[in-house]
Amino acid sequence: MEKTDIKSLRLEEVQAWMQSHEEPAYRAKQLYEWMHIKGVTEFAQMHNLSKSLREKLEAECVLTVLRQVEVQISKIDGTRKYLFALPDGNIIESVWMKYQHGNSVCVSSQA
1 MEKTDIKSLR
11 LEEVQAWMQS
21 HEEPAYRAKQ
31 LYEWMHIKGV
41 TEFAQMHNLS
51 KSLREKLEAE
61 CVLTVLRQVE
71 VQISKIDGTR
81 KYLFALPDGN
91 IIESVWMKYQ
101 HGNSVCVSSQ
111 A
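Take the sequence shown: its position 83, counting from 1, is numbered 83 in my numbering, and each next residue is one higher.
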């Protein structure tokens, strides 16, 4: 059975997942906050979720977390290049550029 990438789901989809697993609807918001606001990296860190729910999540879902490998900062304009490791070991990059009118981010679409 392929595991669900729960972090990539919209809140409505997390709610549907909870409903399909006979969990209260409010659990979806709790889970969503752990993943997207508090930035936890493991289901075990979500201490306000029941142990049985954390075990279901661990068994059926993945919590994809990027690992920062390197940051390079330009001495000329402050542009930052980030390298991130994916769970499968591939590396992707992202570049943050600061301009007078605002910021721009470029994210690689290939690993």
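Ideal Cβ positions, reconstructed from N, Cα and C, are used throughout, including at glycine. On a predicted model such as this, the values are computed, not experimentally measured, just so you know.
Counting only the same chain and skipping the five closest in sequence on each side, list residues whose C-beta sits under 7 Å from that of residue i.
{"i": "Lys7", "result": "Met35, Leu63, Thr64"}
{"i": "Asn48", "result": "Gln30"}
{"i": "Arg54", "result": "Phe43, Ala44, Met46"}
Checking 8 Å against the spacing of the C-beta atoms, do residue i and residue j come in under that value?
{"i": "Phe84", "j": "Leu66", "result": "yes"}
{"i": "Arg80", "j": "Ile91", "result": "no"}
{"i": "Ser104", "j": "Glu93", "result": "no"}
{"i": "Ala111", "j": "Leu86", "result": "yes"}
When DSSP builds the beta bridges, which residues end up paired with residue i?
{"i": "Thr4", "result": "Cys61"}
{"i": "Arg67", "result": "Ala85"}
{"i": "Glu93", "result": "Leu83"}
{"i": "Glu98", "result": "Note on residue identity: the sequence assigns Lys, not Glu, to residue 98. The partner list for Lys98 (beta bridge, DSSP) reads Asn103."}
{"i": "Gln110", "result": "Answer is none; Gln110 lacks a bridge partner."}
Considering only residues of the same chain and omitting the five flanking positions on each side of residue i, which have a CB-CB separation below 6 Å?
{"i": "Lys98", "result": "Gly78"}
Taking the alpha-carbon of residue i as reference, which of the options has the nearest alpha-carbon?
{"i": "Ser52", "options": "Gln100, Trp96, Pro24, Asp88", "result": "Pro24"}
{"i": "Tyr26", "options": "Gly39, Ile37, Glu12", "result": "Glu12"}
{"i": "Leu9", "options": "Tyr32, Ile37, Gly89, Cys106", "result": "Tyr32"}
Sorted by chain position, which residues of the same chain lie with C-beta nearer than 8 Å to residue i's C-beta, five sequence neighbours on each side aside?
{"i": "Thr41", "result": "Leu63, Val65"}
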